[in-house]
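Contents: one structure, followed by commentary.
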Amino acid sequence: MRWDILDQSWQSLLKSRFLQLFLATFFSTLLLSHPIFAFSPPKTEIRGVWLTTNDTETLLDQPKLEEAIAQLSRLNFNTVYPVVWNSGYALYPSAIAEKKGIQPFVHRGFQGQDPLTDLIDKAHAKGLLVLPWFEFGFMAPPSSELAKKHSQWLTHKRDGKQTTISAAGEVVWLNPFRPEVQQFITSLVLEVMDLYDVDGIQFDDHLSLPSELGYDQYTVNLYKQETEKDPPANPEDPAWLKWRADKLTAYVSKLNKAIKSKKSNAIFSVSPNPYDTAYQGHLQDWFNWVKQDLVDEIVVQVYRPDLQSFVRQIEKPEIKETLKKIPTGVGILTGLRNRQIEMEFIQEKVLAAKQHGLGVSFFFYDSLWNYAPESKLQRQEQFLALFPYPAERKLETLPPPGLSIPEIPEDTTRIDEFKPYPTEEYNNFDPYNELPNTIDDNGFNQQQEIIIPVENNLDNQPIENNLPAEITTPEKPQEIILPVETANPNETIENQPGIDNNPPYQPPTEADFDDDFPPYQPPEDMPFVEDMKPYEP
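Counting from 42, one number per residue, gives the positions in the sequence shown under the working numbering.
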């Protein structure tokens, strides 16, 4: 009887999906490490982590940052995405933001250092790539200086309402079709590339516009001029969706050219939602961006509450096709301050991603092991088991000319004390693990995808004793004067190139889409927009 029970237990264990994934990865690693099979080093893959506003103490304190980078290097990570644009504020000393009157705090570390310079120096010394992350994209809180002082840049819904609800609270959206908005965002990107020795730039699901928006007078007039029609009342009308998505694609093309003009081998990374929701809900046609060679890296945010729905998303045909062209990964949630995630579930997702040839990036740094049900040491050793060998991502950096870090008035608030706006708690909506009762897990609902939450009230944590780091004082800054192109909604605007009579790309007939509609597939030969004249300081 005892042997029967043991046999049944063993058979049940063998059927465990996690065990199957673990054994497959373990034996693959074993074979690759054996001299007989080690003909070539393992394929490079994305192993990244986002450094967010939740990680403010880590970013601002030199000893904590030094420890963080050392641990990431020891555990064979190779990429960090530090936040530099959040809640309508530049999280680095920005002359452009200061001149716009939207920068009410000074961004300095606890030891007086420039945090982004400190991070880049430490990460590069350990062989990690640094891609500054413009987290909020076109999004901003309604109480931010950006929204208040540049209200003419905002777009709205058909009923005139400007705000949408996200996991970051109530937000407004800059109109991505206005040339002065495009110029402003592009100027921030180029400023970062001028000031710092970065390896690339990352945007996420906020390089977009919720499809319910775009009924402002400027956009309505532009649509009328190009189509001789009024915008449809239904925001999800296919033609209206496509027109706005194509306009956003035209801007991504300009942004790509501007980035490459600064550093030809810089990585333009985007971290969108799964494609069906990204396009239908946020006009973010990222699969078309991949096909047009407008981006160099895709990290799809797949924050699903169970392994089955996670695997279903990473098996989508658009992800498989993207993987054939550029480095591709998936975003994995490692926890939140108020929601810890067990390491076993994280391991299952990482192993599934590896089986599909995908890299990974984790949201966010502190939840890798500081907010976790397991001990810090246990979590770190389990990450090392997932990444037992290095996967280098080398980039021959071309240092920028090097502008001095701009000064910001001393009477501004320190960033760690700055509270830009009250974040409202939305206890009835958890986009990480809950879906509306009326929507199936795989059905479309633009609110089910993740908009990364913002936490501005951070509890001070004790500073750990670590090796001292040098304190550097930036030199006197140079002014950056950037021309801003403006447009009036009532002015005549030149038509953008149109796309007519091109048969749309059709996905494979055997593709198993989870939703009732197939994702939009743009024409293969979509024309490019005019070359953008890059900003020259």
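By construction, the Cβ of each residue, glycine as well, lies at the ideal position given by its N, Cα and C atoms.
Taking all protein chains shown into account, Tyr430 has fewer than 16 neighbouring C-beta atoms within 10 Å of its C-beta and is therefore exposed. Runs of the beta strand (DSSP E) spanning 3 or more residues and lying entirely within the region 241-268 occur at 241-245, in chain order. Inter-segment contact for the region 415-435 and the region 121-140 is absent: fewer than three beta-carbon pairs are separated by less than 8 Å.
When DSSP states are grouped into helix, strand and coil, Arg420 belongs to the helix group. From the listed residues Ile367, Asp278, Val341, Ile373, the smallest Cα separation to Leu335 is found for Ile367. Apart from sequence neighbours up to five positions away, the residues of its chain that approach Phe309 with a beta-carbon distance below 7 Å are Gly241, Ile242, Asn297, Ile300, Val336, Asp337, ordered along the chain.
DSSP places Glu86 in the coil class of the three-state scheme, outside both helix and strand. The same chain holds no residue with a CB closer than 6 Å to that of Leu113 once the five nearest residues on each side in sequence are set aside. For Phe218, same chain residues with a beta-carbon under 6 Å away, outside a window of 5 residues either side, are Thr260, Lys288 in chain order. Close CB contacts of Ala131 within its chain, under the 7 Å cut and outside five residues either way in sequence, are with Val125, Ala138, Gln144, Leu229 (chain order).
Lys198 and Asn275 have their alpha carbons spaced roughly 11 Å apart. In this structure, Leu157 sits away from Val121, with a CB-CB distance that is not shorter than 8 Å. In the DSSP assignment, no residue is bridged to Thr93.
Per the coordinates, the alpha-carbon of Ser249 lies some 15 Å from the alpha-carbon of Glu277. Closest in C-alpha terms to Leu101, from the list Gly153, Lys395, Ala188, comes Gly153.
When DSSP states are grouped into helix, strand and coil, Ile339 belongs to the strand group.
Relative to the Cα of Lys283, the nearest Cα in the group His148, Ser305, Ala319 belongs to Ala319. Remark: C-beta atoms of Leu425 and Leu160 do not approach each other more closely than 8 Å. Spanning the alpha carbons of Leu92 and Glu458 requires a straight line of approximately 18 Å. The criterion of a C-beta distance shorter than 8 Å is satisfied by Glu232 and Ser135. Beta-bridge analysis with DSSP links Val233 to no other residue. Taking Val343 as the centre and dropping the five residues before and after it, the same chain places the C-beta of Pro315, Phe351, Gln354, Ile355, Val371, Gly372 closer than 7 Å to its C-beta, in chain order.
One alpha carbon belongs to Glu383, the other to Leu392, and they sit about 15 Å apart.
Annotation: Tyr264 to Gly376 spans about 42 Å, alpha carbon to alpha carbon.
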